[in-house]
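Each remark here refers to the structure printed beneath this line.
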Amino acid sequence: MERVAVLFRRTCNSENCSKGRRPLRERPLAGLFFCSLPAPLSIPCLSLPGSNPGDFVPKVKTNYICNSCGYQSAKPLGRCPNCQAWNSFEEEVPTASTSGKSGRGGLGGYGGVKGGKLTPLSTVGRREEPRTPSGIPELDRVLGGGLVAGGVTLIGGEPGIGKSTLLLQVADKVASRGGTVLYVAGEESLEQIRLRADRLGVAADLQMTRDTRAEHIAALLEEHKPALCIVDSIQTVTVEGEGAPGGVAQVRDGTAMLTRAAKETGTATVLVGHVTKDGTVAGPKVMEHIVDTTVFLETVGAFRLLRSVKNRFGQAGELGVFEMRGEGLIAVDNPSAAFLAERPLDVPGSVVAATVDGQRPMLLEVQALASKTPYPNARRVVVGLDPRRVDVVLAVLERRLDLTLGGLDVYVNLAGGLKVPDPGLDLAVALAVYSAVVGRALPQNVAVFGEVGLAGEVRSTQMALRRAEEAGRAGYKRLVVPPGLDGQAGVKSVEEAVKAVWR
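Dropping the structure here:
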């Protein structure tokens, strides 16, 4: 057997080859790639791996993907350069898609449209997708009116916060109105779900399955066309191909396949997602791009807050307030009254502020405390507010109102455990600190809001009318607000605000 060196050019006469390569010349030459085939035989083409012993098999390229933000790298990194997460890279070996069964193969995006057919925009109808009320007003508020047919919602939250409880309540409400509900249980047994349903008083008959193969779930949606499908959780869903459940490729392809199935069948689908240690949804960032709505459930004191961060069918940033009880998550109809229920009366440093969290106005208590410092440098402790904005307000008080704060430790707190980066809380912080330093409590019926500038001026804020209306509904008759609000005199500076409060 003679060893020959093989050089290739761009044409090939093989019937099975589409790449177009054939040997250019053959001659023994040391140091080049040698083919082990006998010389009389035709030299195999590089584009047909596996056909002959001398074929060239290309190396499979491996990517590493950050499971926190989706950043891709050719090699594993200890720390993600995009989101700064440590030890977050997972290996992903590309696999060939089989007949469009994989989440990435041949189905043309996530919207359920197959093929390359072109549709003029002028021929597309203006029909709005129908909504299915969830039966829970606070949830409908966050979603923009209810669950959209064919829409996919991703809900994230810490373990044990109440995601499964909330969705089981929604399933009961939808099924009790005659809608078919498919519940995919990937983490709990059906017996465990039955026990929770009994505790919550779920009387409706739900269709349950523990089959977490994405292909099988899509087939169930096609067969039964339920009004609502709940998948708990997306990290347990698997698709055909390599990779363990919960891996980057599995989560991405499973989400894409279920999204296509939901849009093709018109099924409102809710996916439960795990979260990372920093509170973001675990898995590739592309998963949040695939779904239509993303909401997070978080704990604030004794309450559960449901917040929308993305909504293709409504306003993002909506907020729903719940309270966990024995019968499940109960909606809080009046969050302002709930957050102010424990406010002390006639205590210096306590101010009622009208704020906006997302798109929802509410009343919160801003607290301040000032005490002589035993340290060379006074301390500034801020909880629930932007520390830099509080520093600006303190500097304005010292410069514009001649309020001495250099020898005082100042503590500012937004009561209730909320974190609200609202510039409209500046005036409340200023009055709370001033009240704490001079030892004078604000009157009971006063509520304030407004942004404070470096010159000591009080600036207008967004959604001022809705803030004022919320304060009026809560019984606060005197408002210390910026100028320009109908029916209110308004104050132009922090100095005027102090005079208006203690007039």
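Quick note on the numbering used here: the sequence shown kicks off at -4 and runs consecutively. In this text, a Cβ means the ideal position worked out from N, Cα and C, and glycines have one as well.
Following the DSSP letters along the chain, one finds Leu185 inside the alpha helix (DSSP H) bounded by residues Leu185 to Leu195. Judged by their CB atoms, Val428 and Ala365 are nearer to each other than the 8 Å cut-off. Taken atom to atom, the span from the alpha-carbon of Gln457 to that of Pro382 is near 21 Å. Pairwise C-beta distances place the stretch 304 to 311 in contact with the stretch 280 to 295, as three or more of them are shorter than 8 Å.
With a cut-off of 8 Å on Cβ pairs, the stretch 416 to 425 is in contact with the stretch 379 to 398, counting three or more such pairs. DSSP, read as helix, strand or coil, puts Ser117 in helix. Unbroken alpha helix (DSSP H) runs of no fewer than 4 residues, entirely contained in the stretch 186 to 267, are found at 209 to 219 and 243 to 260, following chain order. Contact check between the stretch 320 to 338 and the stretch 364 to 380: fewer than three CB pairs, one atom from each, fall below 8 Å, which does not count as touching. Gln164 sits in a helix when the DSSP states are folded into three classes. In the DSSP assignment, Pro343 falls outside any beta strand (DSSP E) and carries neither an H nor an E. The three-state secondary structure of Met282, taken from DSSP, is helix. Contact between Thr260 and Leu253 is ruled out by a C-beta separation of about 11 Å, above the 8 Å threshold. A residue is called buried once 16 or more other Cβ atoms fall within 10 Å of its Cβ, and Lys70, having fewer, is exposed. Shown here, Phe291 sits in a strand according to DSSP, grouped into three states.
Collapsing the DSSP output to three states places Pro356 in a strand. Segment contact: the stretch 215 to 227 against the stretch 172 to 191, three or more CB-CB distances shorter than 8 Å; contact assigned.
Among the bridge pairs identified by DSSP, Ile60 is matched with Gln67 and Glu85.
Taking one beta carbon from each stretch, the stretch 191 to 201 and the stretch 137 to 149 have fewer than 3 pairs nearer than 8 Å; the two do not touch.
Rounded to the nearest angstrom, the Cβ distance from Val475 to Ala459 is 12 Å, too far for a contact under 8 Å.
In summary, Ser83 is buried, with 16 or more beta-carbon neighbours lying within 10 Å of its beta-carbon over all protein chains present.
Within the same chain, Gly181, Glu182, Leu266, Val267, Gly268 and His269 come within 8 Å of Ser228 by CB-CB distance, once the 5 residues on both sides are set aside. Between Arg395 and Val489 the beta-carbon gap is near 6 Å, inside 8 Å, which marks them as a contact.
Bounds of the beta strand (DSSP E) holding Leu301 are Phe298 to Asn306. If the five residues before and after Arg299 are omitted, its C-beta is found closer than 8 Å to the C-beta atoms of Ile156, Gly157, Leu292, Glu293, Val316, Phe317, Glu318, Met319 and Leu324, all from its own chain and listed in chain order.
In the structure shown, Glu313 adopts coil according to DSSP, grouped into three states. An exposed status is given to Val376, since fewer than 16 other beta-carbon atoms sit within 10 Å of its beta-carbon. Annotated three-state conformation of Arg375 is strand, per DSSP. In chain order, Gly379 place their CB closer than 6 Å to the CB of Lys414, counting only its own chain and leaving out the 5 sequence neighbours on each side. Beyond the five residues adjoining it in sequence on each side, Pro125 comes within less than 6 Å, by CB distance, of Ala144 in the same chain, given in chain order. Note that the C-beta distance between Leu216 and Ala244 is not below 8 Å. In the DSSP assignment, Val176 falls within the beta strand (DSSP E) that extends over Val176 to Ala180. Within the model, the alpha-carbon separation for Leu358 versus Ala463 is close to 10 Å.
For Ile212, the closest C-alpha among the options Val232, Ala199 and Ala431 is that of Val232.
Within a 10 Å sphere around the beta-carbon of Arg74 sit fewer than 16 other beta-carbons, which makes this residue exposed. Relative to Ile150, the option among Thr118, Val276, Gly65 and Ala199 whose CA is nearest is Val276.
Straight across, the Cα-Cα distance linking Gln483 with Tyr59 is about 59 Å.
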